[in-house]
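Report on the following structure.
Protein chains: 2
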Amino acid sequence: MRDVAIIGAGITKFGERWESGLRELMAEAGLMALQDANVESKEIEMVYGGTMAPGRFIGQEHVAALLADQLGFRNVPAVRIENACASGGSALRQGYIAVASGIHNIVVVGGVEKMTDVNASEATTALGGAGDQEWELSQGITFPGLYALMARRHMIEYGTTEEQMASVAVKNHENAYRNKYAQFHKMLKLDEVMRSKRVADPLKVLDCSPISDGAAAVILAPLDIAKKYNDTPIHIVGSGQASDSLSLAERDSLTELKATQIAGKRAFEQAKLRPSDINVAEVHDCFTIAEILAMEDLGFYEKGKAAKAIADGETKLNSKLSVNTSGGLKGCGHPVGATGVKQAVELTWQLRGEAKDRQVNGAEVGLAHNVGGSGATSVVHIFKRSN
Amino acid sequence: MRDVAIIGAGITKFGERWESGLRELMAEAGLMALQDANVESKEIEMVYGGTMAPGRFIGQEHVAALLADQLGFRNVPAVRIENACASGGSALRQGYIAVASGIHNIVVVGGVEKMTDVNASEATTALGGAGDQEWELSQGITFPGLYALMARRHMIEYGTTEEQMASVAVKNHENAYRNKYAQFHKMLKLDEVMRSKRVADPLKVLDCSPISDGAAAVILAPLDIAKKYNDTPIHIVGSGQASDSLSLAERDSLTELKATQIAGKRAFEQAKLRPSDINVAEVHDCFTIAEILAMEDLGFYEKGKAAKAIADGETKLNSKLSVNTSGGLKGCGHPVGATGVKQAVELTWQLRGEAKDRQVNGAEVGLAHNVGGSGATSVVHIFKRSN
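Residue numbers (this note's numbering), protein chains in the order written: chain A, 1 to 387; chain B, 1001 to 1387.
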């Protein structure tokens, strides 16, 4: 297997992109990544497109071939990867495997979702497809409801408080404020989060990531030729993925995501690194409780210790470990298929030292963590600056 | 890159499977493949699941993780692959890449679609997502309509007749009659096809593949350890894939699928074989005209010559080249995500000499050809018996 690097990154502004359809969003992010990588269209050998539910959001399946066509390489093989909200991270892993295998050299990994063409109720129903339709969603529970169950159990077992959860939102909006591609440029006060409308007790609307349009893309190449394209290739030193039951009821615990624990362990083992080696991380904060679970399941904190640490500011920009510098799903927005790829884009910029106002000083090693549904898929990648 | 083989194959009966949901279909085919391969659950390292539109058919996305769970390996990484009706073939290719790369040893590739939980009109709309939603489907054209345009143009350019197209349906129903897993066990007379109701002129209902439920699965392993599991591993000697524009209007020709031409060329080059080396082929006959296009685009016949050859019986069972011995999409049924995997299952049986009443005498080399939409994706695999 060959070493693989990211040689280009592109993204759109996330948010309510009324003026752009799915294909325009894909083209915008894809062309930015191609230009950044300094590759020509004819060099592209394969396209991976991560997207969750374009059939339900806009009536369009078969999106990867559309992406290839929009980017100007019509006959290049393309596949869509879907793993609910982990579609982007899963697409990145498949692109990584394709380049590592030697079967393809230059590969485009795109992620996209166009969610605002349907109303919020339809969007919530579509997103419900990430959980167990037959045993969960058809009974009436929504995604905020599933995470609310996890949050409540975490409060009972570890004394986690609503204020601690709210502090995740405050931190991530603070980071988003410094990211021009983020959906929200509005700082939040803890009190605002606490007073916001309850969606699924104990989660309030400001504990939840928004419905968003957006796209992101990275270009992968074998590490040994990456320098031809880019002075600072970002080496993918670890890639781990794992699954779990779709339905919460079949799991042993509500306060941990086993898929994240396994995926993280695999990525760290491959990278020969430990959590303490990570300088900057993008973790999956679809709800504030999810960031707390992630920080524990990835081994950054012992079970039950992350909430207080986050509330104490340990994961703010340029503190002990800078987490969700992009603003995370909460502040940057969550076009579901794009999120996992956006994490790789943010970490590429951070490790190159190009993250401007939100640059983590001396960032050399980054981690991306992308979750599908309520944890039935988890994908973890570890990146290292290689110049 | 390592050589890769199929070591197990499983399938469900295709048809209107009112008694079974998506998860039961997946489990049925998957367990049959696992037993056939004689592998233990703990040996499985990765799951690829091909399915087109489960979100629209049954409200369920995130199907690969569900498949892994249903088959008893809950924490194994899983990804769903979607490329419209080429989802199954695309999943097979990704599984092939994963094993070839050395990153995984034993991999499950499943394909499934549960289409009959919605009515025919909703199913037609969902399938429309395989074409260009913005430039084709939203204008009112359906999938039979797109293929009717290709059929009419083929008639004008090459003198192809409706009777010749109908002969494809007659042949494939004859093969399906000998396949206990096929949706239809009804022989057709040419006259019956000709008199059937027009769906999109010149295509009649009996020129069209049906709406179906069903699943199929194969187990892949590195060739060098395949004999440990199976006396007759089926070696994947060629794998090619290509894309094209989603919309017909953007193509140079309506009478050829460029994606099939490129994918076929790549697979033949890798296999170091020519069309004349193939003994048995499963090609994508979503409509009768599609089988004619496939036979030409894959190089079995010159452009304009396939229709007469098929009508003359050259591709019947145990004639010059046996095509669609399973019954094809037309006779065996077309649960879209399952079709590409079913082709691999049928060829595994043929090359092992286990195809019973429909066994092609002395079959040693087989070809599978799976198309997405109206040709925006095409995937070709070539298989060889390796004992």
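From the three backbone atoms N, C-alpha and C, an ideal C-beta is built for every residue, glycine too. A quick note: this is a predicted structure, and the numbers were derived from the prediction, not measured.
Query, Result
"Excluding the five sequence neighbours on either side, which residues of its own chain have a C-beta within less than 8 Å of the C-beta of A:G30, listed in chain order?", "G10, L67, Q70, L71, V108, G110, A215 and A217"
"Is the beta carbon of B:G1327 less than 8 Å from the beta carbon of B:N1172?", "yes"
"According to DSSP, which residues form a beta bridge with B:C1286?", "Beta-bridge pairing links B:C1286 to no other residue."
"Could you tell me whether the Cβ of A:I103 comes closer than 8 Å to any Cβ of chain B?", "yes"
"Distance cutoff 8 Å, beta carbons only. Does A:H62 sit that close to anything in chain B?", "yes"
"In chain B, what lies closer than 7 Å to A:V79 by C-beta?", "I1081, N1083, S1090 and Q1094"
"Could you check what DSSP says for B:H1104 in three-state terms: helix, strand or coil?", "coil"
"My parser needs the beta strand (DSSP E) runs of 3 or more residues fully inside the segment 57-95 of chain A; what are they?", "78-82"
"Please state the DSSP three-state secondary structure of A:I278.", "coil"
"By a C-beta neighbour count over all protein chains shown, 10 Å radius and 16 as the cutoff for buried, is A:W18 buried or exposed?", "exposed"
"Between which residues of its own chain and B:I1058 is the CB-CB distance below 7 Å, once the five residues before and five after are set aside?", "L1022, K1114 and D1117"
"With a threshold of 8 Å between beta carbons, is B:R1074 in contact with chain A?", "yes"
"For A:G8, write down the residues that DSSP places opposite it in a beta bridge.", "A:I219"
"At the 8 Å Cβ level, is B:T1377 part of the contact set with chain A, yes or no?", "yes"
"Using a Cβ-Cβ cut-off of less than 7 Å, give me the residues of the segment 350-382 of chain A that come near chain B, in sequence order.", "G372, G373, A376 and T377"
"Counting beta carbon pairs with one atom in the segment 318-326 of chain A and one in the segment 352-361 of chain A, are three or more of them shorter than 8 Å?", "yes"
"How many Å lie between A:M194 and A:Q164 at the Cα?", "10 Å"
"Which residues mark the beginning and the end of the beta strand (DSSP E) in which B:N1230 is found?", "First-last for B:N1230: undefined, no H or E at that position."
"Using 7 Å as the cut-off, classify the Cβ of B:M1115 as near or not near the heavy atoms of the ligand ADP, replying yes or no.", "In the structure on display, the ligand ADP does not appear, and there are no ligands present to speak of."
"If you reduce the DSSP assignment to three classes, tell me which class B:H1154 lands in.", "helix"
"From the DSSP output, in three-state form, read off B:V1047 for me.", "strand"
"Quick check on B:Q1241: does DSSP put it in helix, strand or coil?", "strand"
"Using the Cβ count rule (16 or more neighbours within 10 Å means buried), how would you classify B:S1239?", "buried"
"Any idea what DSSP makes of B:L1137, helix, strand or coil?", "helix"
"Is it the case that the Cβ atoms of A:L298 and A:T260 are separated by a distance below 8 Å?", "yes"
"From A:M187 to A:V47, what distance separates their C-alpha atoms?", "37 Å"
"Quick one: what does DSSP say A:I211 is sitting in, helix, strand or coil?", "coil"
"A:E134 CB to nearest chain B CB: under 8 Å?", "yes"
"Mind pulling the chain A residues with CB within less than 8 Å of B:Q1139?", "Near B:Q1139 there are no residues of chain A at all, since even the closest Cβ is about 13 Å away, more than 8 Å."
"Whose CA, out of B:H1062, B:A1166, B:H1369 and B:N1230, lies closest to the CA of B:K1197?", "B:A1166"
"Given this structure, state the Cα-to-Cα distance separating B:F1184 from B:L1206, to the nearest angstrom.", "12 Å"
"Short of 9 Å Cβ to Cβ, which residues in the segment 12-34 of chain A face chain B?", "G21, L22 and R23"
"Output the distance between the C-alpha atoms of A:V168 and A:S90, rounded to the nearest integer angstrom.", "25 Å"
"Taking the alpha helix (DSSP H) that B:V1371 belongs to, which residues open and close that run?", "No alpha helix (DSSP H) contains B:V1371, which is instead part of the beta strand (DSSP E) from V1365 to G1372."
"Quick one: residues in its chain with C-beta nearer than 8 Å to the C-beta of B:E1157, no 5 flanking neighbours on either side, listed in chain order?", "T1255 and G1304"
"Taking the alpha-carbon of B:V1345 as reference, which of B:A1182, B:G1264, B:K1228 and B:A1290 has the nearest alpha-carbon?", "B:A1182"
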